[in-house]
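Residue numbers (my numbering): 636 to 1049.
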């Protein structure tokens, strides 16, 4: 695998070597420097920005088409150009040789795409990386270093700041994961003060799922350790899976195992959904101290499923019909009259069956087991398959290493 990575990186290094005739020199008449007619190009400007446009060059002057109109660039503003088809061909050649299951290859493809001005292609590669590893440092660094696209700016006059923040928050909420990081980078230009925290907590209370999830991301990136109480609530109780995950990751950024205590307590809830979401949150938060309570809950679930030899409570049910009929008359002789008292009997048709109410327990425990194993996998960094028994056996053999090796229980802050 290592040699494959080296070959791929060497191949990328060759691809990123600039072509000798790709430079646009002001006033140059060197053959190959001029653009022939209107072509889809990637223009590199003196600012370092790359734009992907329909362009033309006339007597050294560059123009590009925007909204159906031709707009002129300043003389000397274009330092280099590449035909879009050539850039795409280089990218596709590299992509065909990459192992797309490897995030390292995806990162290098994104870097190549951005270097060539292929923003959408690069964003697509980073989207895959960030969806699986939302805190991947190389991806975040790449987004922080490169100018990729224009996002709503908050560098405005003070009286326009409120509207600018609202526009940026709305933009970030509607963007994919990679572009959201660009919106967060723009928010970083604001002071991380109580005003920003209040704005983000307000967004966290929005009725729109995407706005809540973006607020959780912004709190995680800009103000780790703040707004813990609302994040705990949303990590377990929010109906949106994206919001729950984002809130859990924001709590992970606090870097204090004590924030896991509410989730650990929630795993004792009588509500099955709350228990499963609490385990889900613990897995996403990644605090090693949470592994012990997760395994304890897994043992309880395994016992309820029958793994501990416990017998479900049984009872009897009757399925059938009962019919009433008059069997006879009990005649009593009273003074001056005879009274006929009817004797009522019942006819029973049906059967009595021994039964155990098991259905709801089995469905809930099976789903809960899946969530618990996923959380254990995230916390332990191991994949022992889909058997509770394998996990519990592993825990019996290794729990002393976890409990006595620095993982410990969460600090309470007392």
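Yeah, the Cβ is synthetic: ideal placement off N, Cα and C, and Gly gets one too.
Nearest-angstrom Cα separation, counted from residue j out to residue i
{"i": "residue 909", "j": "residue 896", "result": "14 Å"}
{"i": "residue 820", "j": "residue 1032", "result": "45 Å"}
{"i": "residue 1006", "j": "residue 768", "result": "19 Å"}
{"i": "residue 822", "j": "residue 828", "result": "12 Å"}
{"i": "residue 1038", "j": "residue 873", "result": "31 Å"}
{"i": "residue 734", "j": "residue 906", "result": "43 Å"}
{"i": "residue 926", "j": "residue 777", "result": "33 Å"}
{"i": "residue 859", "j": "residue 887", "result": "9 Å"}
{"i": "residue 740", "j": "residue 904", "result": "43 Å"}
{"i": "residue 863", "j": "residue 841", "result": "17 Å"}
{"i": "residue 779", "j": "residue 817", "result": "8 Å"}
{"i": "residue 1028", "j": "residue 1034", "result": "10 Å"}
{"i": "residue 1001", "j": "residue 728", "result": "46 Å"}
{"i": "residue 802", "j": "residue 788", "result": "9 Å"}
{"i": "residue 793", "j": "residue 799", "result": "10 Å"}
{"i": "residue 662", "j": "residue 675", "result": "Unreliable placement is indicated for residue 662, whose pLDDT of 35 sits below 50; no coordinate value is reported for it."}
{"i": "residue 1036", "j": "residue 1015", "result": "12 Å"}
{"i": "residue 795", "j": "residue 720", "result": "41 Å"}
{"i": "residue 736", "j": "residue 698", "result": "41 Å"}
{"i": "residue 672", "j": "residue 784", "result": "27 Å"}
{"i": "residue 689", "j": "residue 723", "result": "15 Å"}
{"i": "residue 901", "j": "residue 913", "result": "6 Å"}
Under the three-state DSSP convention, the category residue i falls into
{"i": "residue 973", "result": "With a pLDDT of only 46 at residue 973, under the threshold of 50, the placement of this residue in the model should not be trusted; the figure read from the coordinates follows. Correct three-state label for residue 973: strand."}
{"i": "residue 889", "result": "coil"}
{"i": "residue 785", "result": "coil"}
{"i": "residue 793", "result": "helix"}
{"i": "residue 861", "result": "coil"}
{"i": "residue 728", "result": "helix"}
{"i": "residue 928", "result": "helix"}
{"i": "residue 823", "result": "coil"}
{"i": "residue 1021", "result": "coil"}
{"i": "residue 937", "result": "helix"}
{"i": "residue 875", "result": "coil"}
{"i": "residue 1035", "result": "helix"}
{"i": "residue 745", "result": "helix"}
{"i": "residue 835", "result": "helix"}
{"i": "residue 798", "result": "helix"}
{"i": "residue 829", "result": "helix"}
{"i": "residue 918", "result": "helix"}
{"i": "residue 671", "result": "coil"}
{"i": "residue 665", "result": "Residue confidence is low: residue 665 scores 28 on pLDDT, short of 50, so the model does not pin down where it sits. No coordinate-derived value is stated."}
Close beta carbons around residue i, own chain, < 6 Å, minus the five adjacent residues each side
{"i": "residue 846", "result": "808 and 838"}
{"i": "residue 848", "result": "877, 878 and 881"}
{"i": "residue 712", "result": "680 and 681"}
{"i": "residue 664", "result": "Here the model assigns residue 664 a pLDDT of 31, short of 50, so the residue's position is not dependable, and the following value carries that caveat. For residue 664, where only same-chain residues beyond five positions count, there are no Cβ hits under 6 Å."}
{"i": "residue 752", "result": "677, 685 and 687"}
{"i": "residue 915", "result": "1006"}
{"i": "residue 782", "result": "684"}
{"i": "residue 930", "result": "1030"}
{"i": "residue 811", "result": "762"}
{"i": "residue 968", "result": "Low per-residue confidence applies at residue 968: pLDDT is 45, beneath 50, and the placement is therefore not dependable, though the value from the model is reported in the following sentence. Taken in chain order, the list of residues that qualify is empty."}
{"i": "residue 875", "result": "844"}
{"i": "residue 748", "result": "726, 756 and 757"}
{"i": "residue 606", "result": "What the structure shows of the chain is the stretch from 636 to 1049, and residue 606 is not part of that stretch, so it cannot be assessed."}
Chain-order list of residues whose beta-carbon lies under 8 Å from that of residue i (same chain, five-residue window excluded)
{"i": "residue 1025", "result": "1019"}
{"i": "residue 1004", "result": "933, 936, 937, 940 and 1023"}
{"i": "residue 825", "result": "789, 800 and 831"}
{"i": "residue 806", "result": "786, 787 and 818"}
Close Cβ partners of residue i (< 7 Å) along its chain, the five nearest in sequence each way excluded
{"i": "residue 730", "result": "744"}
{"i": "residue 884", "result": "769, 855 and 919"}
{"i": "residue 861", "result": "832 and 854"}
Residue i, enclosing alpha helix (DSSP H) - first and last residue
{"i": "residue 690", "result": "That residue, residue 690, is in no alpha helix (DSSP H); its beta strand (DSSP E) goes 685 to 693."}
{"i": "residue 698", "result": "Here residue 698 belongs to no alpha helix (DSSP H); instead the beta strand (DSSP E) covers 696 to 701."}
{"i": "residue 760", "result": "754 to 767"}
{"i": "residue 903", "result": "Premise fails: residue 903 is in no alpha helix (DSSP H) and is neither H nor E."}
{"i": "residue 779", "result": "772 to 780"}
{"i": "residue 735", "result": "Per DSSP, residue 735 belongs to no alpha helix (DSSP H) and is neither H nor E."}
{"i": "residue 841", "result": "First-last for residue 841: undefined, no H or E at that position."}
{"i": "residue 1013", "result": "994 to 1015"}
Limits of the beta strand (DSSP E) - the one that residue i falls within
{"i": "residue 678", "result": "674 to 680"}
{"i": "residue 706", "result": "704 to 707"}
Counterpart residues of residue i in DSSP-defined beta bridges
{"i": "residue 717", "result": "677"}
Interface flag, residue i vs chain B, CB-CB below 7 Å
{"i": "residue 753", "result": "Absent from the structure: chain B. Only one protein chain is present."}
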